[in-house]
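With the UniProt record's numbering as the guide, the letters of the sequence shown map in order to residues 1 to 208.
All C-beta atoms, glycine included, are put in the ideal place defined by N, C-alpha and C.
Structure, as structure tokens:
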Amino acid sequence: MVMALPRFAVIQSRDKTYLRYVNEDGELHGFLEFSGEEIVSPYTKFQIETAKGTAAGNGDGDHGFVHIRCCYNNKYLVAKSVSGDSYIIAGADEPNEDQSQSSCTLFEPIQIDGEGGTGSSSSTTTAARFRHVQLGQYLLYPIMSIDVTYRACLVAGLSYTNPEGYDIFGIMDWESLGPLDLGTRTRVSGVLVQRQRRSDGWERGVHH
């Protein structure tokens, strides 16, 4: 079954942080990490594009593969090897559906309903895993990694599902985030942000 995803999305971790493009100079520039505190940010918006070519397997039946593009730098998510680990960065200029190449930008979204205590799917938020098609590994928020530098960075790190749910993400529709209920306010970078918990278990932040 092909999973329905929004055209523009925000991706949230189990710990309620948002996936963001790292624009700061330094070792992690261009990486993607779960350190975003604000949903309304140029660094947290991603575009999800349906794969088109037969190389993606769509010629003999739609597998639901997608490409994900970072809207901040207009580059596609692709794997980058660092010390033997495959981190996901926003670094590809064009989508690549050739599964024999390490520069392949195909991902397989897999919908999750109520698994792992992360909240169920709703009309505007979907719980999902993503599998890197060429590597055959699930994307992971490696919060338990011994490498502190990359601990928040998105990585294709598991050939099996994570029992603690750190491979499950909330996919929020950027254009229609839905009703909110009570939350708390925090100040991030001098901006007052309302942390609001949705009825489906996911959260969002709103500027004030």
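Check, Outcome
"Close-in-space but distant-in-sequence residues of the same chain around C71 (CB under 8 angstroms, 5 per side omitted)", "F8, P42, K45, F46, Q47"
"Where L182 falls, given that 16 or more other Cβ within 10 Å makes a residue buried", "With a pLDDT of only 30 at L182, under 50, the local geometry of the prediction cannot be trusted, and no value is derived from it."
"Euclidean distance between Cα positions of F107 and A79", "11 angstroms"
"The segment 32-40 in contact with the segment 91-100 per 3-pair CB rule at 8 angstroms", "no"
"Neighbourhood of R131 by C-beta, 6 angstroms cutoff - its chain only, sequence neighbours within 5 removed", "E108, Y138"
"Contact check, T105 vs L140, beta carbons under 9 angstroms", "no"
"Inter-residue Cα distance where the pair is I112 and I168", "8 angstroms"
"Inter-residue spacing [alpha-carbon to alpha-carbon] between S81 and S102", "10 angstroms"
"Where G136 falls, given that 16 or more other Cβ within 10 Å makes a residue buried", "exposed"
"Test: L32 CB closer than 9 angstroms to a CB of chain C", "Among the protein chains of the structure shown there is no chain C, as only one such chain exists."
"Where the beta strand (DSSP E) through H132 begins and ends", "125-132"
"Whole-number beta carbon distance between E175 and P6, since they are thought to touch under 8 angstroms", "7 angstroms"
"Rounded straight-line distance, which links the Cα of R14 to that of Y150", "17 angstroms"
"Residues bridged to C104 [DSSP beta-bridge criterion]", "C104 is not bridged to any residue."
"Supposed close pair A128, E97 - CB separation, criterion 8 angstroms", "With 8 angstroms as the limit, A128 and E97 do not qualify as a contact, their Cβ atoms being about 20 angstroms apart."
"E27 classed as buried or exposed, judged by whether at least 16 other C-beta atoms fall within 10 angstroms", "exposed"
"CB-CB length for P142 against V155, believed under 8 angstroms", "5 angstroms"
"Those runs of the beta strand (DSSP E) which lie wholly inside the segment 127-169 and span at least 3 residues", "137-140, 155-158"
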